[in-house]
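Visitor: Following this message is one structure expressed as C-alpha cells.
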Amino acid sequence: MQNPRPSYQNRSGGNPRPGGHHNYNNNNNNHSNFNRAPPRASNNNSNTAPRTGSNAVPITPKDKSTYNCYECGVAGHFSYECPKKLAKTAANTSGPAQQQRRVTTNKKFAPNNPNNRNGRLYHMNAKKLRKPQTLCWIFMNFLDKFVVVFIDDILIYSKSEEEHEQHLEVVLDTLREHQLYAKFSKCEFWLKEVGFLGHILSAGGIAVDPAKIKTVEEWKAPTTQTEVRAFLGLAGYYRRFVEGFSSIARPMTQLLKKDRKFEWTDKCEESFQQLKLRLTTAPILVMPDITKPFDVYCDASKIGLGCVLMQEGKVISYLSRQLKQHEQNYPTHDLELAAVVLALKVWRHYLMGNRCEVYSDHKSLKYIFTQKELNMRQRSG
Numbered sequence: 392m393q394n395p396r397p398s399y400q401n402r403s404g405g406n407p408r409p410g411g412h413h414n415y416n417n418n419n420n421n422h423s424n425f426n427r428a429p430p431r432a433s434n435n436n437s438n439t440a441p442r443t444g445s446n447a448v449p450i451t452p453k454d455k456s457t458y459n460c461y462e463c464g465v466a467g468h469f470s471y472e473c474p475k476k477l478a479k480t481a482a483n484t485s486g487p488a489q490q491q492r493r494v495t496t497n498k499k500f501a502p503n504n505p506n507n508r509n510g511r512l513y514h515m516n517a518k519k520l521r522k523p524q525t526l527c528w529i530f531m532n533f534l535d536k537f538v539v540v541f542i543d544d545i546l547i548y549s550k551s552e553e554e555h556e557q558h559l560e561v562v563l564d565t566l567r568e569h570q571l572y573a574k575f576s577k578c579e580f581w582l583k584e585v586g587f588l589g590h591i592l593s594a595g596g597i598a599v600d601p602a603k604i605k606t607v608e609e610w611k612a613p614t615t616q617t618e619v620r621a622f623l624g625l626a627g628y629y630r631r632f633v634e635g636f637s638s639i640a641r642p643m644t645q646l647l648k649k650d651r652k653f654e655w656t657d658k659c660e661e662s663f664q665q666l667k668l669r670l671t672t673a674p675i676l677v678m679p680d681i682t683k684p685f686d687v688y689c690d691a692s693k694i695g696l697g698c699v700l701m702q703e704g705k706v707i708s709y710l711s712r713q714l715k716q717h718e719q720n721y722p723t724h725d726l727e728l729a730a731v732v733l734a735l736k737v738w739r740h741y742l743m744g745n746r747c748e749v750y751s752d753h754k755s756l757k758y759i760f761t762q763k764e765l766n767m768r769q770r771s772g
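Structure below.
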C-alpha cells in the first residue's frame, strides 16, 4: 500500500523548515497546513530520511588509519584508546589512597534516575575529595577545650601539669596522624606565661605585650591624618584594656572625617597623652570561666556608650563606642537600652546559655519586659 503522505522529495519549495509551512497541495494560497508536523518517510523511497528501529540505516565505522590521536599524534587509534593516556591514568590510580570513586555531578545524572540516558558520571580522585587539612579542621574536637589555633600557631593550655602532659600528648599524636610536623626550634614547652598575638597570657590573666607598650611610649604626636589613623589602629587593638576608650579618643577621631581640615589642638594633645598613659598602665584582665555567672555593667551619655564585663568582681573586658549621627537625637531611655543591646551582642559568645546580671543606672529599663507597647527602635534593638 502506497503511503498517502508525500516524501521529502515530493514537497514543493525545497527542504521545509521545522514547524514551518508545508504546502502539500502545491497551492500557495492554502495555509491550513502551517502547523502540521513533517511527514513520515516512505519505505519504498530510497532517498527518504533514515528511520529508527528495524528500518535504521547502519552507520559505517570510522577508519582509524585516517585520524591522528590528539594525545600522541600517531594514526591508528583514537585519543581514548591512546596507550600513553592509559598508562598515565593507570599511574594515577595505583595505591589505596589513589582509588577512584564515581561521583555524580547532578541529581538528574544519578545512576538510578530513569532520565539519566547518557549516564553522565565523572571520575574524581579520592584524594581530592578529602576536606582541606587546616589546623582548625584537624583540632576541631579540641578547640576551646585546651587548644587555640591561629593560622599555623598552636597554643595548648591546661589547669595542672598532669593535665597539660595529657593534652600535649594528644596534640602531638594528632599531628603525627595527619603527617604534620612542628619545627622543634620554634616550639616552647612548659611555660608559665607565653606571648600570643600581642598579648601575654599567664595564670593571672591577659596583659598587653611590653614590646607594644614601648612602641606606644616612643610614639610622637601625629602631624597628618595618616599618622593619626596609624596610632588609633594600634591603640584600638588594645581597647578592651581601656575603660571609656571611645570617649578619650573622640578628639582624634574627629580629625579623620572626610571634609575636616587637620588641626592638632590642645584637646587632641590631651587625648593623645591620656591614651598613651592608659595603654602603658593597662590592667591585667582575667580569663572568663563559662561555668560561672557574668555581670554586665552598662552606661550611656550624649557622647557614647560604655560597658564592662566582669566575673566575681574582676574585669574581663571593657567595651565602648561613640554615638552615631542619628543616635544623638535619642532620648535617655533609648540610649541606655542601646548600651545594653551593644553589650549583649558583642559578648553573646560568653553570655548565651549562661546566667548573667545586667546593671544600669536607668531605673525605667527594669520595666522593659512588662511594657505594653514598644516603639520601632526598641523592637528592632
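Counting from 392, one number per residue, gives the positions in the sequence shown under the numbering used here.
Even glycine gets a Cβ: it sits at the ideal position worked out from N, Cα and C.
What are the boundary residues of the beta strand (DSSP E) that Glu-748 is part of?
Guide: To locate residue 748, count along the sequence shown from 1; it is residue 357. Glu-748 -> beta strand (DSSP E) spans 747-751.
Visitor: Helix, strand or coil: how does DSSP classify Ser-662 here?
Guide: Here residue 662 corresponds to residue number 271 of the sequence shown, with the count starting at 1. Residue state, collapsed to three classes: helix.
Visitor: Let me make sure I understand the geometry here. Which of Leu-714, Lys-476 and Ile-639 has the alpha-carbon closest to that of Cys-659?
Guide: In the sequence shown, residue 659 corresponds to position 268, counting from 1. Looking at the Cα atoms, Ile-639 is the closest of the given residues.
Visitor: I need the straight-line Cα distance from Ala-673 to Ile-681, nearest angstrom please.
Guide: As a position in the sequence shown, residue 673 is number 282, starting the count at 1. As a position in the sequence shown, residue 681 is number 290, starting the count at 1. Distance between the alpha carbons of Ala-673 and Ile-681 is about 24 Å.
Visitor: In this structure, how does DSSP classify Asn-459 when only helix, strand and coil are distinguished?
Guide: Counted from its first residue, the sequence shown places residue 459 at position 68. DSSP places Asn-459 in strand when its eight states are reduced to three.
Visitor: So is Ile-542 buried or exposed if we call it buried at 16+ other beta carbons inside 10 Å?
Guide: Residue numbering aside, residue 542 sits at position 151 when the sequence shown is read from its first letter. Classification for Ile-542: exposed.
Visitor: What residues in its chain sit with their C-beta under 8 Å from that of Ser-470, if we drop five residues either side in the sequence?
Guide: Numbered from 1 along the sequence shown, position 79 holds the residue referred to as residue 470. Answer for Ser-470: Cys-460, Tyr-461, Glu-462 and Lys-476, listed in chain order.
Visitor: If you compare alpha carbons, which of Pro-684, Ser-637, Asp-686 and Glu-608 is closest to Gln-664?
Guide: The sequence position of residue 664 within the sequence shown is 273, counting from 1. When only C-alpha atoms are compared, the closest one is Glu-608.
Visitor: By Cβ distance, which residues of its chain are closer than 7 Å to His-468, with the 5 residues on each side in sequence left out?
Guide: Start at 1 with the first residue of the sequence shown, and residue 468 comes out as number 77. Within the same chain, His-468 has close Cβ partners Lys-455 and Cys-460.
Visitor: Please name the residue or residues paired with Tyr-709 in a DSSP beta bridge.
Guide: Within the sequence shown, residue 709 is the residue found at index 318, counting from 1. Paired residue(s): Val-699.
Visitor: Given a threshold of 16 other Cβ atoms within 10 Å of its Cβ, counted over all protein chains shown, does Tyr-709 qualify as buried or as exposed?
Guide: To locate residue 709, count along the sequence shown from 1; it is residue 318. Flag for Tyr-709 reads buried.
Visitor: Thinking C-beta only, is Val-599 closer than 8 Å to Leu-666?
Guide: On the sequence shown, position 275 is the one that residue 666 refers to. On the sequence shown, position 208 is the one that residue 599 refers to. No; because the gap between Cβ atoms is not below 8 Å, this pair is not in contact.
Visitor: Should Asp-686 and Met-701 be called a contact, given that it needs their Cβ atoms to be closer than 8 Å?
Guide: If you number the sequence shown from 1, residue 686 lands on position 295. If you number the sequence shown from 1, residue 701 lands on position 310. Yes, the Cβ-Cβ distance between Asp-686 and Met-701 is below 8 Å.
Visitor: Determine whether the beta carbon atoms of Ala-730 and Gly-697 lie at a separation below 8 Å.
Guide: On the sequence shown, position 339 is the one that residue 730 refers to. On the sequence shown, position 306 is the one that residue 697 refers to. Yes, the Cβ-Cβ distance between Ala-730 and Gly-697 is below 8 Å.
Visitor: Could you tell me the distance, in whole angstroms, from the CA atom of Glu-556 to the CA atom of Phe-537?
Guide: Stepping through the sequence shown from its first residue, residue 556 is reached at position 165. Stepping through the sequence shown from its first residue, residue 537 is reached at position 146. Looking at the two C-alpha atoms, the distance is approximately 12 Å.
Visitor: List the whole-angstrom C-beta distance separating Glu-579 from Leu-592, where the pair is believed to meet the contact cut-off of C-beta under 8 Å.
Guide: Reading the sequence shown from its first residue, position 188 is the one you call residue 579. Reading the sequence shown from its first residue, position 201 is the one you call residue 592. That pair is no contact at about 12 Å.
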